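Please read the structure below before turning to the comments.
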Amino acid sequence: MAAIELRDLGVRYGRRTALAEVSLAVPEREVCAVLGRNGAGKTSLVRCLLGQQRPSAGEVRLLGEDPWRARARLMDRVGVVPEVPDAPPGLSARELSTLLRRVHRRWDDAAVRARLERFDVPLGQPFGRLSRGQKTLVQLALALGHEPELLVLDDPTLGLDALARRAVLEELVGELADRGVTVLLTTHDLAGVERIANRVAVLRDGRLLLAEELEPLKERYRGRAASPLDVVPLTLEEIFLSLHETAAEVPA
Numbered sequence: 001m002a003a004i005e006l007r008d009l010g011v012r013y014g015r016r017t018a019l020a021e022v023s024l025a026v027p028e029r030e031v032c033a034v035l036g037r038n039g040a041g042k043t044s045l046v047r048c049l050l051g052q053q054r055p056s057a058g059e060v061r062l063l064g065e066d067p068w069r070a071r072a073r074l075m076d077r078v079g080v081v082p083e084v085p086d087a088p089p090g091l092s093a094r095e096l097s098t099l100l101r102r103v104h105r106r107w108d109d110a111a112v113r114a115r116l117e118r119f120d121v122p123l124g125q126p127f128g129r130l131s132r133g134q135k136t137l138v139q140l141a142l143a144l145g146h147e148p149e150l151l152v153l154d155d156p157t158l159g160l161d162a163l164a165r166r167a168v169l170e171e172l173v174g175e176l177a178d179r180g181v182t183v184l185l186t187t188h189d190l191a192g193v194e195r196i197a198n199r200v201a202v203l204r205d206g207r208l209l210l211a212e213e214l215e216p217l218k219e220r221y222r223g224r225a226a227s228p229l230d231v232v233p234l235t236l237e238e239i240f241l242s243l244h245e246t247a248a249e250v251p252a
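Okay, here's the thing in structure tokens:
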């Protein structure tokens, strides 16, 4: 069963097309990285997926339901880490956890505290006084507090230092190993996400260039070499750059 399914998704803002005929399926227990340059349509895709925006065309299914119609019910099964960490600035991580415990049917306060201690984030510090990296780590701990079936992360490592990036990726690896949670994330950290993603989708100017499993994709690129001396893209970053260079050569 697909945890996420997009069928011919389209989003328009007036005359501007943000997404056009995007179809994507993410099976349960997989990690899908959505890649694209700024303005490629990643944020519009995430907003439609979370029921924050109604598509101009096509269909969206999140855990089998329409997120535009069933957002409140679905958010009890989905964890979200936004691109810009956002919470009441005067509340501490401990207070935010207490508040969310009243919202969700399942809430593991001890697991939230344990994650924050592991991240070395002060539990009593007001959210507004935390660093950018600490705020993201708080959001990740809270997003996992109700043991979601699906985790959606919008560029979670953007602006983080190396230690905070590693903490985010290691926590995701742990969640995948322990519970097999489905993950969709947009990211610019191609080297980091290559460690955990088993499926990639690449957007360019609102259109999907590809959506497939990562290892077969890498093997396909390796297969282009006519001899062992040929230089072919081997990393996700190299494949991403190659795709955009090739797409730029094709007339619109």
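Going by the numbering used here, the first residue of the sequence shown is number 1, and it counts up by one from there.
Cβ coordinates follow ideal geometry from the N, Cα and C atoms, glycine included.
Given the structure is predicted, the values throughout are model-derived calculations rather than measurements.
Asked: Could you give the C-beta distance for L261 and F127, rounded to a whole number, given that I count them as a contact under 8 Å?; Found: Outside the shown range of the chain, which is 1 to 252, sits residue 261, and nothing can be said about it.
Asked: Look up L185 in the DSSP assignment and give the residues it is bridged to.; Found: A33 and L153
Asked: Just how far apart, CA to CA, sit P251 and L210?; Found: Interpretation of P251 is limited by its pLDDT of 43, a score under 50 that renders its predicted location unreliable; the figure taken from the coordinates is listed afterwards. The alpha-carbon atoms of P251 and L210 are separated by roughly 18 Å.
Asked: In whole angstroms, give me the CA-to-CA distance for G159 and V81.; Found: 14 Å
Asked: Around the C-beta of L19, are 16 or more other C-beta atoms found within 10 angstroms, so that it is buried, or is it exposed?; Found: buried
Asked: Based on the DSSP output, what are the partners of Y13 in its beta bridges?; Found: R16
Asked: If we ignore side chains and look at the alpha-carbon of each, how far apart do E215 and A143 end up?; Found: 29 Å
Asked: Taking the alpha-carbon positions, what's the S242 to R15 distance?; Found: 30 Å
Asked: How should A3 be labelled, buried or exposed, when 16 other C-beta atoms within 10 angstroms of its C-beta is the threshold for buried?; Found: buried
Asked: How is V121 classed by DSSP in three states: helix, strand or coil?; Found: coil
Asked: If you follow the beta strand (DSSP E) that R54 is part of, which residue opens it and which one closes it?; Found: Note, R54: premise wrong, no beta strand (DSSP E); not H, not E.
Asked: Am I right that D254 and G41 are in contact with their C-beta atoms under 8 Å? What's the rounded C-beta distance?; Found: Absent from the model: residue 254. The displayed extent of the chain is 1 to 252, so no value can be given.
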